[in-house]
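J.:
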Amino acid sequence: MSRILVTVIAGICFTISTGWAGQGDQQNINYLARMADGKLHRAAAISGNIYGVLKRCPALRPSESGKAMMAVSILLYDGLNKHLAPNPAKFERAIRVFDGAYRKAVLSKVNCQTEKAKDPDSYR
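Using our numbering, the letters of the sequence shown map in sequence onto residues 877 to 1000.
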């Protein structure tokens, strides 16, 4: 069940990141704003985990799916910093989830190969 949820969220985020180049930030930020809180928090946590693992394990490279998940945090921060978020409190909560996941991943003592094995879709 968890793998299915991650796949669905990755698909959503991949759609966001591929559309990001041509459609502009505002449409993608609005899309995140319409997401349910739980789904947005899960996407933010995945994004934070990927950033944290990449900081701790520089030999790992993100896959296309991983890059799409990384775009979530960029959109969250852009939504707040550029005052584009329709619901700033929702974005602030999601950023706190992102920051917590990032901090946890950076401080983790799990080796890099294990991290890659836990989430093979996010890393090459």
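By construction, the Cβ of each residue, glycine as well, lies at the ideal position given by its N, Cα and C atoms.
(1) Tell me whether P962 sits in a helix, a strand or coil according to DSSP, three-state version.
(2) Buried or exposed: which applies to L916, given that a residue is buried once 16 or more other Cβ atoms fall within 10 Å of its Cβ?
(3) Which ranges would you report for the alpha helix (DSSP H) in the region 935 to 1000 if only whole runs of at least 4 residues count?
(4) With a Cβ-Cβ cutoff of 7 Å, do G955 and F974 count as a contact?
(5) Our contact map puts K931 next to V986 with C-beta atoms below 8 Å; I'd like the distance itself, whole angstroms only.
(6) Can you give me the C-alpha to C-alpha distance between A979 and R918, rounded to a whole angstrom?
(7) Quick one: residues in its chain with C-beta nearer than 8 Å to the C-beta of A909, no 5 flanking neighbours on either side, listed in chain order?
(8) Indicate the three-state DSSP secondary structure (helix, strand or coil) for A912 in the structure shown.
(9) What three-state label does DSSP hand G900 in the structure shown?
(10) Between the alpha carbons of V948 and R972, how many angstroms are there, rounded?
T.: In terms of the structure at hand:
(1) coil
(2) buried
(3) 940 to 957, 964 to 983 and 988 to 994
(4) no
(5) Wrong, their Cβ atoms sit about 14 Å apart, outside the cutoff.
(6) Ala is not the amino acid found at residue 979; the sequence shown has Arg there. Cα to Cα, the separation comes out at about 15 Å.
(7) G955, A961, P962, N963, K966 and F967
(8) coil
(9) coil
(10) 13 Å
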